[in-house]
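Enquirer: Residue numbers (our numbering), protein chains in the order written: chain E, 47 to 135; chain A, -18 to 187; chain P, 32 to 489.
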Amino acid sequence: MNTYASSNRFSSVIWLLLMVLTLTTFAIGEAGMAGSGAMLGLLLIALVKGQIVANYFMGLRHVAFGWRAVILAYFLLVGGLIALAYRWA
Amino acid sequence: MNTQVLVIDPAAGLAREARAPREEGLPGDFAIWIFILAEMLAFGVLFVAYAFTRAGDVELFNASQETLNRTAGAINTLVLITSSYFVMRAVTAIKHGLSKDCAWWLGAALMLGGVFVGIKAMEFHDKFAAGITLSTNSFYMFYLALTFFHFMHVLMGMIILAFVIAKAWRGGYSRQDHVGVETGASFWHMVDLLWIILFPLVYVIR
Amino acid sequence: MQYQSQAVAKPYFIAAIGLFVGQILFGLIMGLQYVIGDFLFPAIPFNVARMVHTNLLIVWLLFGFMGASYFLVPEETETELFSPKLAIITFWVFLVAGALTVLGYLLVPYSTLAEMTGNNILATMGREFLEQPLITKIGIVIVALSFLFNITMTLLKGRKTSISLVLTLGLLGLAVFFLFSFYNPVNLVKDKYYWWWVVHLWVEGVWELILGAILAFVLIKVTGVDREVIEKWLYVIITMTLITGIIGTGHHYYWIGAPEYWQWWGSIFSALEPIPFFMMTVFAFNMVSRRRREHPNKAAVLWALGTGVLAFLGAGVWGFLHTLAPVNYYTHGTQLTAAHGHLAFYGAYVAVVLTMISYAMPILRGRAANSEKAQNMEKLAFWLMSISMLVITLLLTGAGIVQIWLQRISPTPMGFMAVQDQVSIFYWLREGTGVVFLIGLVIYISSFFVKGGAKAAA
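(1) Express the C-alpha separation of asparagine 328 of chain P and alanine 399 of chain P in angstroms, rounding to a whole number.
(2) For proline 2 of chain A and leucine 106 of chain E, I'd like the C-alpha separation in whole angstroms.
(3) Please name the residue, chosen from P:Ala391, P:Ser301, P:Thr362, that lies closest to phenylalanine 351 of chain P on a Cα-to-Cα basis.
(4) Taking only beta-carbon atoms, is valine 135 of chain A less than 8 Å away from chain E?
(5) What does isoleucine 13 of chain A reach in chain E if we use C-beta pairs closer than 7 Å?
(6) Are methionine 147 of chain P and leucine 246 of chain P close, meaning C-beta to C-beta below 8 Å?
(7) Quick one: which unbroken alpha helix (DSSP H) runs of 4-plus residues sit fully inside the region 117 to 159 of chain P? Chain order, please.
(8) Among P:Gly95, P:Phe102, P:Leu117, which has the Cα closest to the Cα of threonine 110 of chain P?
(9) What separation, rounded to the nearest whole angstrom, lies between the Cα atoms of valine 109 of chain E and glycine 364 of chain P?
(10) Does the beta carbon of valine 39 of chain A come closer than 8 Å to any beta carbon on chain E?
(11) Have a look at P:Ile67, P:Ala289, P:Ala382, P:Leu395 and flag the residue whose alpha-carbon is nearest the alpha-carbon of alanine 335 of chain P.
(12) By Cβ distance below 8 Å, which residues in the same chain neighbour isoleucine 435 of chain P in space, the five residues on each side in sequence not counted?
(13) Run through DSSP, which three-state label would tyrosine 132 of chain E get?
(14) So, is threonine 52 of chain A buried or exposed, given that buried needs 16 or more other C-beta atoms within 10 angstroms?
(15) Taking the alpha-carbon positions, what's the alanine 118 of chain P to valine 39 of chain P distance?
(16) Is it a yes or a no for the region 16 to 32 of chain A touching the region 167 to 187 of chain A, going by three-plus beta-carbon pairs under 8 Å?
(17) In whole angstroms, what separates the C-alpha of isoleucine 75 of chain A from that of valine 68 of chain A?
(18) Could you check how far apart the C-beta atoms of serine 167 of chain A and methionine 65 of chain E are, in whole angstroms? I think they sit under 8 Å.
(19) With DSSP collapsed to three states, give me the class of valine 109 of chain E.
(20) Rounded to whole angstroms, what's the CA-CA distance from valine 172 of chain P to tyrosine 266 of chain P? Just pull it up for me.
(21) Counting along the chain, where does the alpha helix (DSSP H) carrying valine 256 of chain P start and finish?
(22) Measure the Cβ-Cβ separation of tyrosine 390 of chain P and valine 249 of chain P and say whether it is below 8 Å.
(23) Would you list, in chain order, the members of the region 272 to 292 of chain P that have their beta-carbon closer than 9 Å to a beta-carbon of chain A?
(24) Quick one: complete alpha helix (DSSP H) runs, 4+ long, within the region 408 to 459 of chain P?
(25) How about arginine 114 of chain E and alanine 92 of chain E: are their beta carbons less than 8 Å apart?
(26) Quick check on threonine 443 of chain P: buried or exposed, where buried means 16 or more other Cβ atoms within 10 Å of its Cβ?
(27) Using a Cβ-Cβ cut-off of less than 9 Å, list which residues of the region 23 to 52 of chain A approach chain P; keep chain order.
(28) Whose Cβ in chain A lies nearer than 7 Å to the Cβ of alanine 80 of chain E?
(29) State yes or no: is the beta carbon of leucine 64 of chain E nearer than 8 Å to at least one beta carbon in chain A?
(30) Which residue from P:Lys191, P:Phe208, P:Gly149, P:Met156 puts its Cα closest to that of leucine 176 of chain P?
(31) Please identify the residue among P:Ala375, P:Ser36, P:Pro307 whose C-alpha is closest to the C-alpha of alanine 342 of chain P.
(32) How about isoleucine 60 of chain P and alanine 74 of chain P: are their beta carbons less than 8 Å apart?
(33) Going by the beta-carbon positions, is the gap between phenylalanine 94 of chain P and tyrosine 136 of chain P smaller than 8 Å?
(34) What is the DSSP secondary structure of serine 53 of chain E, counted as helix, strand or coil?
(35) Return the residues of the region 124 to 158 of chain A that lie within a Cβ-Cβ distance of less than 8 Å from chain C, sorted by chain order.
(36) Is it true that the region 127 to 137 of chain A meets the region 97 to 112 of chain A, where meeting means three or more beta-carbon pairs spaced less than 8 Å apart?
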């Protein structure tokens, strides 16, 4: 089954990408990086990972745009407020 | 994943797949999505509350964060993401009518859920052994509250997966009817999604 | 009526409405005592009127829940009740015990009542809502056990549906959490913990399961929407209820000596408590708009929709108003709490019991629905009672805000009693609105006695 193999290949690539992003987050922590740049970078990585999980793992990319927008808005709102709190500190 | 519509080709006598229209309904039961959104809201409020409380006492939060086991947290992130990947493979499998494959992938995801629980329990044990409680300070209050609340969701997700596995193994789902698998999968992905924010927020960002 | 044994629900419903009238009368007495302090003194002092008002509420709601269960369970399990005789015995025991307790409150000073009923053996009395003498409390447990036994045995021999399982779980929780009322530690903080485990885990936990199950049952009956759809909603709603409600207990732990982290847990989780109520509202309206039949009992549909809206307003919105710790710092135990209490109890529990009575009573009396005229009276009663309760809530909210300002925020804070004088206009208006509520209740009861023109027999 062609579609089966190709969709599995695709999801494996996505999985590898998420692994790399997680290790990046970990590396930033291990390097002891702090400050606005690191904070925004880490939030951005979380945003990208969240979008990947929602759109590809959860399969929202085939669903009406509204639902994807809700997840995106959630990450932007929560991430934005977190960033605001960190800047404000 | 596109819905696979079965088209019978009378000439060849073979089934082949045709592409369904691009837009589909939500994967899984609509009710689980209402639930997922409500859960995300609950965690969202906790995340933001953490960030603003931290703003009130940055030194305390930074110092306490240093005592966390970041490696354990990172491993758990990898574990959860991988389990999510397995769950996705299970959904793909059932969409191709492969009940047993579906059950195997879900079983693997469930096992990784167990690994997550084990590592997290070890972390909790270390903290409790060090005499840390909810009342120690604001950072630990949030750390314990957030991770414990998430921990409970992992356990609940594992129970859901176990039910889905049992039904999948008996051949209870099919190429056409697999809402149950998608429902369980969506919940599990949510557990992953929340950890994706929780890990950098509590373990890394300073 | 599909099953003969459902008939045992009838005396329960009648007793519930009777006690409801008593509750409202004592509410009016108390409402007047807010502005005329010595009204009916010394015959009925304020604290006694208050105790009777709140205890009658709880007892009549319990009668309503039991009646609802006896009506609902045979139909859901598709089998006759395990023992209709036991249900009737339980009814009389509960009614007599309840009446004796209220008479005890009214005729004997509370301390004498405590001495007479063995409070020195095991001290359980004196706590709000749990004022019942020890023997009454034991009686309640026995009644609850025999009731649960009856329901569970019926469930075991019949079809097991989600609705009957959720209902039974709720009733079981109701009985189990009541056991905390027997433990009354000397330490006041601990005492409050156990006290809230009864009061909070009832009204913001297990009672909501009962509410959800009853509402789901009536909605299936009046809308004809697939059971599968309705049960799915029920599951999501009760899961959210339990998650938010159980941890939300923390919103009672502010400033009473409990650890500080409860301010976070209580604030966050109870801020989410409106969600299941909102889902319930959406659920009710959604099911009614997707209805696949026009049920002749329009009044029951109105009550069901009313439950959704009023429960969300009273329990959800008015609860949220003062649930966040920084807000509650000022509002703790003011008239704002009373406002929330009134609309929450009315909107969630009174309304759901009346929904069930509205649906079941005509059937118990041998018809699918009451006559047009009777239904119109019932609907009028719904609007009168619901709107006047909403107005009472708004008035108490007004009184609460003035009270908070004068007593706690103002740079020159006033004493409690001085502030009570300042808000007396709100209390007068509240009393007047209370009379309108009573009129609504009288019309409601009269609607049962309208003759003629009954719709097709069930």
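Just so it is clear, CB atoms sit at the ideal spot from N, CA and C, and this is done for glycine as well.
Expert: Straight from the coordinates:
(1) Working through the third sequence from its first residue, we reach residue 399 of chain P at position 368. Working through the third sequence from its first residue, we reach residue 328 of chain P at position 297. Roughly 7 Å separates the two Cα atoms.
(2) By one-based count along the second sequence, residue 2 of chain A stands at place 21. By one-based count along the first sequence, residue 106 of chain E stands at place 60. Its pLDDT being 42, under 50, proline 2 of chain A is placed unreliably by the model, and the measurement read from it follows with that caveat. Roughly 15 Å between the two C-alpha positions.
(3) By one-based count along the third sequence, residue 351 of chain P stands at place 320. Out of P:Ala391, P:Ser301, P:Thr362, P:Ser301 has the C-alpha closest to the C-alpha of phenylalanine 351 of chain P.
(4) The residue you call residue 135 of chain A lines up with position 154 of the second sequence. No, valine 135 of chain A lies away from the interface with chain E (no Cβ there is under 8 Å from its Cβ).
(5) Residue 13 of chain A sits at position 32 when you count from the first residue of the second sequence. What isoleucine 13 of chain A touches in chain E: nothing, since even the nearest Cβ is about 11 Å away.
(6) Position 116 of the third sequence, counting from 1, holds the residue named residue 147 of chain P. Position 215 of the third sequence, counting from 1, holds the residue named residue 246 of chain P. Leucine 246 of chain P is positioned such that its CB atom lies no closer than 8 Å to that of methionine 147 of chain P.
(7) Uninterrupted alpha helix (DSSP H) stretches at least 4 residues long and entirely within the region 117 to 159 of chain P occur at 141 to 147, given in chain order.
(8) What you label residue 110 of chain P is simply residue 79 of the third sequence in a count that begins at 1. It is P:Phe102.
(9) Taking the first sequence and counting its residues from 1, the one referred to as residue 109 of chain E is at position 63. Taking the third sequence and counting its residues from 1, the one referred to as residue 364 of chain P is at position 333. Taking the Cα positions, valine 109 of chain E is about 48 Å away from glycine 364 of chain P.
(10) For this step, residue 39 of chain A is matched to residue 58 along the second sequence. Using a Cβ-Cβ cut-off of 8 Å, valine 39 of chain A counts as an interface residue toward chain E, since at least one Cβ of chain E sits closer than that to its own.
(11) Residue numbering aside, residue 335 of chain P sits at position 304 when the third sequence is read from its first letter. Of the candidates P:Ile67, P:Ala289, P:Ala382, P:Leu395, P:Ala382 places its Cα closest to the Cα of alanine 335 of chain P.
(12) Numbered from its first residue, the third sequence carries residue 435 of chain P at position 404. Tyr361, Thr362, Thr365, Leu367.
(13) Taking the first sequence and counting its residues from 1, the one referred to as residue 132 of chain E is at position 86. Tyrosine 132 of chain E: helix per DSSP, three-state reduction.
(14) Reading the second sequence from its first residue, position 71 is the one you call residue 52 of chain A. Exposed, because fewer than 16 other Cβ atoms sit within 10 Å of the Cβ of threonine 52 of chain A.
(15) Along the third sequence, read from residue 1 onward, the residue named residue 118 of chain P stands at position 87. Along the third sequence, read from residue 1 onward, the residue named residue 39 of chain P stands at position 8. The straight-line gap from Cα to Cα measures roughly 7 Å.
(16) Yes, the region 16 to 32 of chain A is in contact with the region 167 to 187 of chain A.
(17) Position 94 of the second sequence, counted from the first residue, corresponds to residue 75 of chain A. Position 87 of the second sequence, counted from the first residue, corresponds to residue 68 of chain A. One C-alpha to the other measures close to 11 Å.
(18) For this step, residue 167 of chain A is matched to residue 186 along the second sequence. For this step, residue 65 of chain E is matched to residue 19 along the first sequence. Wrong, their Cβ atoms sit about 22 Å apart, outside the cutoff.
(19) Here the question's residue 109 of chain E lines up with position 63 in the first sequence. Strand, per DSSP.
(20) The residue given as residue 172 of chain P occupies position 141 in the third sequence. The residue given as residue 266 of chain P occupies position 235 in the third sequence. Our two residues, valine 172 of chain P and tyrosine 266 of chain P, have alpha carbons roughly 28 Å apart in a direct line.
(21) Position 225 of the third sequence, counted from the first residue, corresponds to residue 256 of chain P. No alpha helix (DSSP H) contains valine 256 of chain P, which DSSP labels as neither H nor E.
(22) Numbered from 1 along the third sequence, position 359 holds the residue referred to as residue 390 of chain P. Numbered from 1 along the third sequence, position 218 holds the residue referred to as residue 249 of chain P. A contact, by the Cβ cut-off of 8 Å.
(23) Result list: Ile274, Thr275, Ile278, Pro290, Glu291, Tyr292.
(24) List check, alpha helix (DSSP H) in window: 447 to 453.
(25) Sequence index remark: in the first sequence, residue 114 of chain E carries index 68 (1-based). Sequence index remark: in the first sequence, residue 92 of chain E carries index 46 (1-based). Against a cut-off of 8 Å, the Cβ pair of alanine 92 of chain E and arginine 114 of chain E comes out as no contact.
(26) Translated into the one-based positions of the third sequence, residue 443 of chain P becomes position 412. That one is exposed.
(27) If you check each beta-carbon in the region 23 to 52 of chain A against every beta-carbon of chain P, the ones closer than 9 Å belong to Ala23, Val26, Leu27, Ala30, Thr34.
(28) As a working mapping, residue 80 of chain E is identified with position 34 in the first sequence. The contacting residues are Arg187.
(29) Taking the first residue of the first sequence as 1, we reach residue 64 of chain E at position 18. Chain A, which has a Cβ nearer than 8 Å to the Cβ of leucine 64 of chain E, makes this yes.
(30) As a working mapping, residue 176 of chain P is identified with position 145 in the third sequence. Comparing C-alpha distances from leucine 176 of chain P to each of P:Lys191, P:Phe208, P:Gly149, P:Met156 shows the shortest one belongs to P:Phe208.
(31) Counting from one through the third sequence, the residue named residue 342 of chain P turns up at place 311. Looking only at P:Ala375, P:Ser36, P:Pro307, the smallest Cα-Cα distance to alanine 342 of chain P is reached by P:Ala375.
(32) For the purposes of this step, residue 60 of chain P is taken as residue 29 along the third sequence, with counting starting at 1. For the purposes of this step, residue 74 of chain P is taken as residue 43 along the third sequence, with counting starting at 1. For isoleucine 60 of chain P and alanine 74 of chain P, no; Cβs fall outside 8 Å.
(33) As a working mapping, residue 94 of chain P is identified with position 63 in the third sequence. As a working mapping, residue 136 of chain P is identified with position 105 in the third sequence. With a cutoff of 8 Å on beta-carbon distance, phenylalanine 94 of chain P and tyrosine 136 of chain P are scored as not near each other.
(34) Stepping through the first sequence from its first residue, residue 53 of chain E is reached at position 7. If DSSP states are grouped into helix, strand and coil, serine 53 of chain E belongs with the helices.
(35) Among the chains of the structure shown, chain C does not appear; the protein chains present are E, A and P.
(36) The answer is yes - the region 97 to 112 of chain A touches the region 127 to 137 of chain A, with three or more Cβ pairs under 8 Å.
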